[in-house]
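Sequential numbering of the sequence shown, starting at 61, is according to the working numbering.
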Amino acid sequence: MLTSHDAFGYFGAEYGVKFLSPLGFSTEAQASANDVGELIQQLKSEHIHAYFIENQTDPRLVKQIAAASGAKAGGELYPEALTGKNGDAPTYVDAFTHNVDVMAASMK
Numbered sequence: 061m062l063t064s065h066d067a068f069g070y071f072g073a074e075y076g077v078k079f080l081s082p083l084g085f086s087t088e089a090q091a092s093a094n095d096v097g098e099l100i101q102q103l104k105s106e107h108i109h110a111y112f113i114e115n116q117t118d119p120r121l122v123k124q125i126a127a128a129s130g131a132k133a134g135g136e137l138y139p140e141a142l143t144g145k146n147g148d149a150p151t152y153v154d155a156f157t158h159n160v161d162v163m164a165a166s167m168k
């Protein structure tokens, strides 16, 4: 799965889900053109078909990479920040459940 940055490393290690991202752990990091090109090739070669935006990050780079690789939108994830009480992720349990549901739906 393609996400903005490596916010889901622990989740991936625990549940066997591979996450790729153009940025490291910091949302302030910047990806080089070479890094982006290599990531696009990796997405194609590993047949990764879904990308996810995160509620606190700028989605433009992920959307550009997805367009170049053919990945389709999987939905919005909540890696760190919660929503208001009427949103999809007002608690950490709700955020986790939402993220799992969105990721699972993209795998069907």
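We put the beta carbon where it would ideally sit given N, CA and C, even for glycine.
Separation of Phe71 and Phe79 (C-alpha to C-alpha, rounded to the nearest whole angstrom) is 9 Å. For Leu99, the three-state secondary structure derived from DSSP is helix.
Nearest in C-alpha terms to Ala165, of all of Ile100, Ile125, Glu136 and Ser64, is Glu136. In this structure Ile125 is in contact with Ile100, their Cβ atoms being roughly 6 Å apart against a cut-off of 8 Å.
One thing to note: Tyr111 has its Cβ no nearer than 8 Å to the Cβ of Ala93.
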